[in-house]
Amino acid sequence: MKASKLILASSSEVRIQILSKYKISFKAVNHRLNENIAKKNNNREPADLSQYLAEQKSLSVCDVHSDHIILGCDQVCAMGKKMYSKPKTKDKAIENLLELAGKTHELIGSYAFSKNGALLYSETIFSKMTMKDLTEKDIIEYVELDNPLKSCGSYMFEKNGYKLFSEITGSMEAINGLPFGYLQTKLQEYV
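Structure, rendered in structure tokens:
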């Protein structure tokens with residue numbers, strides 16, 4: 004893989020920061036997938052939805068960036084079959100965190116690489132997250148601190164969200180949305 008040919012189809016600051024730690028040149032661009040339409044009338048299981056969205060995000064910019072390897076990413080927070088979307092309001096973030104408190108949920112991250120309109124490789128990685136028993140006061144204070152309105156689980160693990168958990172299974176990069184060290188090794192098999 005020629006490093007200068009990598010496109011990250013994401014505007015996520017956290018993903019950009021993770022990728023910037025590697026000695027690889029890349030360009031971050033917004034994907035062109037309308038997620039609301041893609042999710043509408045969706046009856047996919049959480050992992051299938053995450054993978055579908057990552058693949059579609061990657062493919063959505065292939066025509067603009069020909070001969071580039073494009074990485075699309077998606078992350079879903081799920082407890083059982085219930086998925087937690089980005090809360091958008093503090094009240095919804097508090098409601099979500101009250102439901103997750105004291106329980107184990109999954110962060111499901113999917114990553115897809117494509118080139119010239121063809122998928123090269125995709126993978127879904129699961130991280131188990133057990134949240135502490137939190138009071139409503141704890142949750143309100145946390146939401147005020149991190150304002151996690153654009154995070155699927157209503158927490159920002161990379162800021163102060165890690166303090167909400169008693170146990171986690173998964174790499175920090177996977178939890179934060181891009182386990183690039185692992186993915187880079189796997190991608191070498193396909194390019």
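Residue numbers for the sequence shown follow the working numbering, so the first one is 4 and each next one is one higher. Here a beta-carbon is modelled for each residue, glycine too, at the ideal position from N, C-alpha and C. Keep in mind that this is a model prediction, so the values were computed, not measured.
Practice problem: Determine the DSSP secondary structure at SER169, reduced to helix, strand or coil. | Solution: As a position in the sequence shown, residue 169 is number 166, starting the count at 1. Of the three classes helix, strand and coil, the one that applies to SER169 here is strand, per DSSP.
Quiz item: Looking only at DSSP bridge pairs, what is GLU139 linked to?
Solution: On the sequence shown, residue 139 is found 136 positions in, with the first residue counted as 1. In DSSP, GLU139 forms no bridge with anything.
Quiz prompt | ALA57 versus HIS68, ASP66, SER154, VAL79, residue with shortest Cα-Cα distance | solution = Within the sequence shown, numbered from 1, the residue matching residue 57 stands at position 54. Nearest option by C-alpha distance: VAL79.
Quiz item: Is the closest heavy atom of the ligand MN to the C-beta of GLU192 under 7 Å?
Solution: Only the bare structure without any ligand can be found here, which leaves the ligand MN out of the picture.
Practice problem: Can you tell me which of ARG47, GLN187, ASN163, PRO182 puts its alpha carbon nearest to the alpha carbon of ASN150? | Solution: Within the sequence shown, the letter at position 147 stands for residue 150. Of ARG47, GLN187, ASN163, PRO182, the residue nearest in Cα terms is ASN163.
Quiz item: Where TYR185 and TYR55 are concerned, what is the direct C-alpha to C-alpha distance, given to the nearest angstrom?
Solution: The residue labelled residue 185 in the question sits at position 182 within the sequence shown. The residue labelled residue 55 in the question sits at position 52 within the sequence shown. C-alpha separation (whole angstroms): 20 Å.
Quiz prompt | First and last residue of the uninterrupted beta strand (DSSP E) at PHE160 | solution = In the sequence shown, counting from the first residue as 1, residue 160 sits at position 157. PHE160 -> no beta strand (DSSP E), and no H or E assigned at all.
Practice problem: Quick one: give me the first and last residue of the alpha helix (DSSP H) that ASP51 is part of. | Solution: Position 48 of the sequence shown, counting from 1, holds the residue named residue 51. Its alpha helix (DSSP H) spans residues 49-62.
Quiz item: Of the residues LEU152, GLY112, GLY120, which one's Cα is nearest the Cα of ASN99?
Solution: Position 96 of the sequence shown, counted from the start, is the residue given in the question as residue 99. When each option's Cα is compared against that of ASN99, the closest is LEU152.
Quiz item: To the nearest angstrom, how far is it from the Cα of LYS135 to the Cα of SER63?
Solution: Locating residue 135 in the sequence shown gives position 132, where the first residue counts as 1. Locating residue 63 in the sequence shown gives position 60, where the first residue counts as 1. Cα to Cα, LYS135 sits roughly 39 Å from SER63.
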